[in-house]
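Just so you know, the sequence shown maps onto residues 10 to 422 in my numbering. Heads up, the beta-carbon is just placed ideally off N, CA and C, and yes, glycines get one too. Some notes on the structure that comes next.
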Amino acid sequence: METKNSSRYHENPYPNYVKGETSNLFCIKDNDVIALNETLDKKIRQTVARLVNDIDKEYESSDKFHDLDHSVYVGTSGQAMFYFFYYLNTRNSKYLDKAQRLIERALRRRRKRRFSFLNGDAGPLAISALIYEALNKEEQAKNSITELKALAHHVIDLNSDTVDEILYGRAGYLYSLLFVNKNVKCTHVDGALIRQVVESILKSGQALSAKKQSSIPLEYEWHEKNYYGAAHGVAGILFTLLKANAHLTDRERDTLVKPTLDALLKESLPSGNLKSSQGSSADRLVQWCHGCPGFVSLLEVAYEIYKDQSYLDSLLQSSDHVWKAGLLRKGYSLCHGVAGNAYSFLTVYHATHNEEQLYRALCFADWCTQYNQHEEMVPDRPCSMYEGKAGLAFFLLDILKPTNAKFPGYEDI
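Right, here's the structure in full:
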């Protein structure tokens, strides 16, 4: 990426929420339906249209578009995921056709080296099942899920070189299984297989903990470094395990996952941000992949399960920090930009029903409608799902129905 400015975030120009004064961005009707301010709604829809136009132009340019890798993160599977979501929102079948063409290209380019959703072969398979089902091609959907399940032996084998984190590893494969069971109706992944994957993640963490003689029951590393965040670190792994809560035993939930989470909570900085890795004290990264924006998803599901007030307190403090430092100069992406940070407010809103959190999310959405004015880094993949315009357009579409909005490829399980 190219950068123009070394400072990390813009000063937040939006006023703090005051009920009755700053809530004109939305209203909540008697049936709890959230209606966005007409002006903001129009700005969001116009921005989505411009973004889709840009994505379509790149789609039509084979030199730029079709040479992407097959991943959800920056490749053709991510583009297919966006086009499918756009089809669901518009019911324009040409976008379903585009999604099919892209996902089939991705399926042909699988590398059989990584097995996660975002950066491995599981992503194209899971998304293809969703698309084929929408096309009434149930046999092809079932075949995709059969192939997805067949990847499990690479993940379950603790002697393999498979890592544990969500971007490349076991947690990312577990997410794929949960994603299929949540979103595909024609077939499902058996609970016994999900349980095997959960066990492999727990055993891997216990083995490293024993090797390090750690007091923390689950330890995880990526490239021999203990990361804390959502993409490469402990937060993403624990979040995925807790989303598979039905497949955890009470003992695992209470004596393995919770103590590890409590240890992670101690790595929070005074600002409410989360350290990026063990030994780091810098309070710099406020983004989904590293920092508190990705941490809030774990805190939300942990509070739901454990009812521990400290998780809710940390959730709210994290939101305050994202509000202060989350309008990133990097740009608008899901992974390390404003769109990804905005999802953290929606997560807190879902947990608390606090209108201030919805207001914050909509302010960040308003900022995103000015996407060509504030971006000071040029993504390597400018139309991709996690670094570019597809992810931004996904968020803006999603926030039109904020009650159901969830971070794609992470929370939507």
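Taking one beta carbon from each stretch, the region 116-123 and the region 98-105 have fewer than 3 pairs nearer than 8 Å; the two do not touch. Excluding sequence positions up to five before and after Arg110, its CB lies less than 6 Å from no other CB in the same chain. Here Ile314 is actually not in contact with Asn363; their C-beta atoms are around 20 Å apart, not less than 8 Å.
A Cβ-Cβ distance of about 15 Å is found for the pair Leu157 and Ser80, leaving them out of contact under the 8 Å criterion.
Membership of Cys36 in any alpha helix (DSSP H) is not indicated; the residue belongs instead to the beta strand (DSSP E) covering 35-37. When DSSP states are grouped into helix, strand and coil, Trp297 belongs to the coil group.
Around the CB of Cys36, fewer than 16 other CB atoms lie within 10 Å, so the residue is classed as exposed. With contacts defined by Cβ atoms closer than 8 Å, Pro417 and Ser342 do not form a contacting pair.
Short of 6 Å from the beta carbon of Leu134, and not among the five residues preceding or following it, lie these beta carbons of its own chain, in chain order: Ser153, Glu156, Leu157. If you draw a straight line from the Cα of Ser280 to the Cα of Gln287, it is about 17 Å long.
In the structure shown, Ala150 falls within a helical segment according to DSSP collapsed to helix, strand and coil.
Your pair Glu230 and Leu217 checks out as a contact, with CB atoms roughly 7 Å apart and the cut at 8 Å.
No Cβ-Cβ contact shorter than 8 Å links Leu167 with Ser125.
At a Cβ-Cβ threshold of 8 Å, Val83 and Arg338 do not count as neighbours. Ranking Leu401, Ser393, Asp39 by CA distance to the CA of Glu67 puts Ser393 first. Of Ser323, Lys316, Ser319, the smallest CA-CA separation from Gly300 is found for Ser323. Three or more beta-carbon pairs separated by less than 8 Å are not found between the region 36-48 and the region 349-358, which leaves the two stretches without contact.
Of Leu160, His232, Val27, Val331, the smallest CA-CA separation from Leu186 is found for Leu160.
Counting the other Cβ atoms within 10 Å of the Cβ of Ala311 gives 16 or more, which makes it buried.
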